[in-house]
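Please read the structure below before turning to the comments.
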Ligand code: ATP
Ligand code: MG
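In the working numbering, the protein residues as written are 17 to 569.
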């Protein structure tokens with residue numbers, strides 16, 4: 017067991033409950049509401065719930081908490097299943113919906129009314145608020161609280177039959193309006209909603225509230241550990257109350273809360289994500305700049321990296337913010353041993369080797385994985401008279417700490433020879449258009465200080481292939497975006513480079529392949545070349561922490 021796992025406080029609870037005999041197996045569930053796409057915060061919960069079940073030889077159910085027909089949609093139901101599968105987890109045949117239990121939830125409500133633990137209330141939303149009291153002040157009893165059981169039963173059945181308007185009546189628990197816990201002040205259990213549900217259609221005109229549906233759904237499925245985020249800590253007494261008043265047989269599920277993931281630079285509220293999509297600030301739910309799993313997948317992040325990230329951040333009881341670098345580090349650590357190193361130029365600057373014969377092509381064999389050349393084999397690079405180098409690797413007026421190519425200076429081409437810059441041809445804008453260089457097999461110029469010439473990447477001008485690269489930065493300029501998109505969105509979050517050049521050996525590109533473009537980052541082939549349209553590569557992550565640079569602190 018890794019250290020992170022050993023430190024997970026939830027595991028101590030599980031161990032305790034298994035040792036005491038309270039439970040004989042571990043049953044968890046992942047309970048998304050199908051009102052949006054899953055994001056990396058959900059991944060933490062998925063990894064935790066499915067991970068626990070796997071480690072303890074138990075099971076984890078996928079259950080859609082589909083109790084609010086107004087915001088839910090099958091598009092989300094489908095995407096959530098795809099995302100959980102993609103993350104590497106399986107619920108086998110245990111795909112459930114809270115809506116499967118609507119009838120049972122209704123019967124339980126009848127039972128609570130009959131035992132005097134629930135009543136039909138007719139206060140308006142406004143009045144309910146007024147009667148609820150505050151954190152420091154007790155609430156007041158609803159005038160309907162003591163109505164006869166028979167009357168509540170009758171009204172509740174007629175609510176189901178659709179006799180009343182939305183908001184006219186609702187079913188509430190009879191607990192205590194004086195409870196210091198606001199969740200216990202006669203919370204709502206069922207409300208009237210004349211909406212079409214994505215699964216039950218128009219069958220139901222009343223819908224259960226989340227807190228009420230959740231504990232019963234867990235209990236129906238024999239869940240032992242109902243793991244949720246911290247904001248539900250104050251709801252736990254209600255969770256337990258409902259099952260107790262229903263005399264639900266033991267062992268009942270145990271609710272355990274953990275701190276949700278807050279990731280710097282990422283907006284994770286579904287409401288805000290929906291806004292970004294609806295206001296077309298991004299290109300759909302899977303825009304590679306979003307923290308949704310669909311987006312991370314499209315960006316090219318492998319699911320192992322997300323699992324590694326979730327394992328590393330661990331599970332705590334206290335809210336905290338995780339720096340984005342943690343995710344980037346997990347991605348690099350995952351990709352580093354897996355992918356080939358190749359040469360590509362993102363922003364080409366033409367170089368002519370004036371002392372190189374016009375038609376001569378030098379073939380150079382170079383390993384795909386220099387640290388372990390055996391593992392991934394080698395390929396051929398082609399050196400020609402005209403090549404491209406990265407525009408950034410040249411400076412007309414180099415700063416003192418710039419050691420790459422400049423007028424009169426020398427660099428080495430990766431896997432190949434040395435070049436010396438003899439002349440710079442400027443374009444009408446005063447920017448370099450082309451460099452005229454000479455070459456040599458060994459360094460030809462005196463060293464700059466003690467340094468050996470820098471090594472830069474390159475591509476043959478005529479023996480390379482054009483590709484498009486999409487380079488991403490954080491979608492936001494601030495670490496903790498508030499949703500003020502006009503102020504906070506980063507105008508450079510997506511930069512498309514349509515004129516990149518890729519070394520010629522990679523002829524059979526397949527969608528989904530990943531490479532390291534040396535010195536530039538890890539890239540993922542989102543679209544294979546098709547007819548005249550070039551391959552499109554997404555930069556998954558840079559090689560170094562790019563985060564600090566792009567932030568206004
Ligand atoms: P909302 O309830 O506002 O729609 P939600 O993010 O809680 O949003 P759910 O679909 O209810 O959405 O979440 C499913 C599960 O994922 C819940 O158990 C929830 O606690 C968990 N979860 C959601 N966000 C995070 C997060 N940032 N970190 C960890 N777990 C999360
Ligand atoms: Mg929720």
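Yeah, the Cβ is synthetic: ideal placement off N, Cα and C, and Gly gets one too. As the structure is a prediction and not an experimental result, all values here were calculated from the model.
Between residue 365 and residue 410, the C-beta gap is smaller than 8 Å, which places the two residues in contact. As the crow flies, the alpha-carbon of residue 303 is around 36 Å from that of residue 72. Scanning its chain for C-beta atoms nearer than 7 Å, with the 5 sequence neighbours on each side dropped, one finds around residue 529 the residues 541, in chain order.
Where residue 294 is concerned, there is no enclosing beta strand (DSSP E), although the alpha helix (DSSP H) around it starts and stops at 286-294. Scanning 535, 44 and 448 for the CA closest to the CA of residue 239 turns up 44. Contact between residue 46 and residue 78 holds, since their C-beta atoms are separated by about 6 Å, short of 8 Å.
For residue 499, the CB stays at least 7 Å from every heavy atom of the ligand ATP. Residue 212 and residue 37 have their C-alpha atoms spaced approximately 44 Å apart. Linking residue 482 to residue 350 through their CA atoms gives a straight-line distance of about 28 Å. A distance below 8 Å separates the beta carbons of residue 434 and residue 459.
Residues of the same chain with a CB within less than 8 Å of the CB of residue 169, apart from the 5 flanking positions on each side, are 126, 129 and 130 in chain order.
Taken atom to atom, the span from the alpha-carbon of residue 445 to that of residue 339 is near 40 Å. In this structure residue 65 is buried. Its beta-carbon is surrounded by 16 or more other beta-carbon atoms within 10 angstroms.
In this structure, residue 330 has its CB at a distance of at least 7 Å from all heavy atoms of the ligand ATP. Inclusion of residue 472 and residue 429 in the CB contact set at 8 Å is warranted, their separation being smaller than that value. Bounds of the alpha helix (DSSP H) holding residue 257 are 252-261.
With a cutoff of 7 Å, residue 250 does not count as near the ligand ATP, since its C-beta is closer than that to no heavy atom of the ligand.
Less than 8 Å separates the beta-carbon of residue 368 from that of residue 402. In this structure, residue 245 has its beta carbon less than 7 Å from a heavy atom of the ligand ATP.
Here the alpha carbon of residue 486 sits roughly 56 Å from the alpha carbon of residue 147. Under the DSSP assignment, residue 328 falls in the alpha helix (DSSP H) whose first and last residues are 319-329.
Contiguous beta strand (DSSP E) elements confined to the region 505-556 occur at 510-518, 530-533 and 537-543, taking only those with 3 or more residues. Within its own chain, no residue has a Cβ closer than 6 Å to the Cβ of residue 345 once the five positions on either side in sequence are excluded.
Restricting attention to 229, 245, 236 and 278, the CA atom closest to the CA of residue 254 is found in 229.
In the DSSP assignment, residue 337 is bridged to 278. Under DSSP, residue 382 forms a beta bridge with 395. Cβ-Cβ distances below 6 Å link residue 282 to 307 in the same chain, with the five nearest sequence neighbours on each side left out; the list follows chain order.
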